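> Position in the sequence shown (from 1) plus 44 gives the number in our numbering.
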Amino acid sequence: MPSSPSFDQILQAASLPEPGPDYYAARRRIWLTPTRAIPPPPPASSSRQRLENLFNSNGPSIVYSHEAWRNGLEKVWKGLSSGVRLKYKLPLNIVIKIIHASWVRDKVWPVGMQAPESDEEQQPDEAPLPIFDTLSTSSSSLPTAFSTFTNSEVMETMPPPRIDQFR
C-alpha cells in the first residue's frame, strides 16, 4: 500500500505566495485537501450508536446532564483524558462534545456560554485540490458491537512512554 505524502512534503512541493492572507489561505486549502482516498467508515458499534443517539436526541444541553455523564460519557472521557487508545474510531464531533461535557463538569467551560457553530464548511472559492495519492481500501475485520462503555471494551491501554524517548 503506497503511503501518503506528509503535509510538510506537500508544502515543499507547493508554490505558495508570500506570507500574508493569501499564504494563509493557500496553506489552509492544502490542509483541507485529502491526500488519499478515504475508505468508507466501518459500521458504527452499538456503543458509538448510543453516544450518537444521546447527543442527537437531547441537543446541545446534554453536556450539562449529570445522568448522561454518569451513564457513559464519564467512562469515555476518563479513557480519552488518560491517553488510552480507542478500540473503535469516534467521529471528531462526538469527541468534542465529550470534551465539552468534561469542561462543564470541571467548571472550565463558562456557565451559560454556548459553543459556536462549526466553521469547517468550505467557502465556495475554496474548492479542494485534487487528491494527491490514492490508496487501495481494505476492509477491516474488527468486531463492530459491544454492550457497555467499559475501558476494557472501548479502549486499550497504551504502554507508558520510555524514558529514553525524551532525551
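Quick reminder that beta carbons are idealized off the backbone N, C-alpha and C, glycines included. Computed from a prediction, not measured in an experiment: that's the story for all the values here.
Could you spell out where the alpha helix (DSSP H) holding V152 opens and where it closes?
Per DSSP, V152 belongs to no alpha helix (DSSP H) and is neither H nor E.
> Excluding the 5 residues flanking S185 on each side, which residues of the same chain have their C-beta closer than 8 Å to its C-beta?
Low per-residue confidence applies at S185: pLDDT is 37, beneath 50, and the placement is therefore not dependable, though the value from the model is reported in the following sentence. Excluding positions up to five away in sequence, the list is empty.
> Rounded to whole angstroms, what is the Cα-Cα separation between S59 and A81?
Going by the C-alpha atoms only, they are around 23 Å apart.
> Under a Cβ-count criterion, where at least 16 other Cβ atoms within 10 Å of its own Cβ denotes burial, should K133 be classed as buried or exposed?
Answer is exposed; the Cβ neighbour count stays below 16.
> Output the boundary residues of the alpha helix (DSSP H) element that contains R92.
Residues 90 to 102.
> Using DSSP with H/G/I as helix, E/B as strand and the rest coil, what is R80?
Coil, per DSSP.
> Given D150, which residues of its chain have a CB within under 8 Å of its CB, disregarding the five upstream and five downstream residues?
Nothing meets the Cβ criterion.
> Expressed to the nearest angstrom, what Euclidean distance is found between the alpha-carbon atoms of S109 and Y68?
Using only the alpha carbons, I get a separation of about 39 Å.
> Distance check for R92 and D52, CA to CA, integer angstroms please.
Cα to Cα, D52 sits roughly 33 Å from R92.
> Please name the residue in P63, N100, P87, W113 whose C-alpha comes closest to that of I143.
Residue W113 is the option with its Cα nearest to I143.
> Do you know offhand how far A57's Cα is from P84's?
Cα-Cα distance, rounded: 29 Å.
> Locate the alpha helix (DSSP H) running through K119, then write down its first and last residues.
Element bounds for K119: 118 to 125.
> To the nearest angstrom, report how far apart E62 and T77 are at their CA atoms.
Spanning the two alpha carbons is a distance of roughly 21 Å.
> With burial defined as no fewer than 16 other Cβ atoms inside 10 Å of the residue's Cβ, what is the status of G64: buried or exposed?
It counts as exposed.
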